[in-house]
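Counting from 1 along the sequence shown, just add 621 to a position and that's the residue number in this note's numbering. The beta-carbon is built from N, C-alpha and C at its ideal position, and this holds for glycine as well. These notes concern the structure reproduced below.
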Amino acid sequence: MTSSIHTMLQSKATSVAIANSLSVADAATIADMLLSIRVTAHTTSCLANHMTRESVEDFADTVVAAIDRHLQALAIGLYPRSSSEARAIVTRIEAIIGEVRHD
Numbered sequence: 622m623t624s625s626i627h628t629m630l631q632s633k634a635t636s637v638a639i640a641n642s643l644s645v646a647d648a649a650t651i652a653d654m655l656l657s658i659r660v661t662a663h664t665t666s667c668l669a670n671h672m673t674r675e676s677v678e679d680f681a682d683t684v685v686a687a688i689d690r691h692l693q694a695l696a697i698g699l700y701p702r703s704s705s706e707a708r709a710i711v712t713r714i715e716a717i718i719g720e721v722r723h724d
């Protein structure tokens, strides 16, 4: 199951294409969803590390990495838009995952 989830979530090019087609309001909703899931997955990873449950930690880290790829794609799709709401979403994403390359 881990590999199928990983494969499903790994295509950043597909995510950028989807992000480009979203309204800013829809992108904000998706960003909220992904950031919430990321918090849960990251917390799970930290707890699993503390409890020395390596397989759980590895799975949670894989989920976080996949979410980060989608957040990066969302930021790339929103970056060219001039609205202040789009810029705010990009800023929020970058505050969590670090600077996103927009090239």
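Beta-carbon spacing of residue i, residue j below 7 Å
i, j, result
"D689", "I718", "yes"
"R659", "V637", "no"
"L699", "A648", "yes"
"A681", "A662", "yes"
"E678", "S666", "yes"
Beta-carbon proximity list for residue i, same chain, < 8 Å, skipping 5 on both sides
i, result
"R713", "A652 and L656"
Residue i - DSSP class collapsed to helix/strand/coil
i, result
"V685", "helix"
"E720", "coil"
"M654", "helix"
"R713", "helix"
"S705", "helix"
Residue i burial status per 10 Å Cβ neighbour count (16 or more: buried)
i, result
"A696", "buried"
"M622", "Because the pLDDT at M622 is just 46, under 50, the model does not fix this residue reliably, and the value given afterwards should be weighed accordingly. With fewer than 16 other Cβ atoms within 10 Å, it is exposed."
"A694", "buried"
"A716", "exposed"
Chain-order list of residues whose beta-carbon lies under 6 Å from that of residue i (same chain, five-residue window excluded)
i, result
"A707", "V645 and L699"
Cut-off 7 Å between Cβ atoms - residues of its own chain near residue i, not counting five sequence neighbours on either side
i, result
"S704", "V645"
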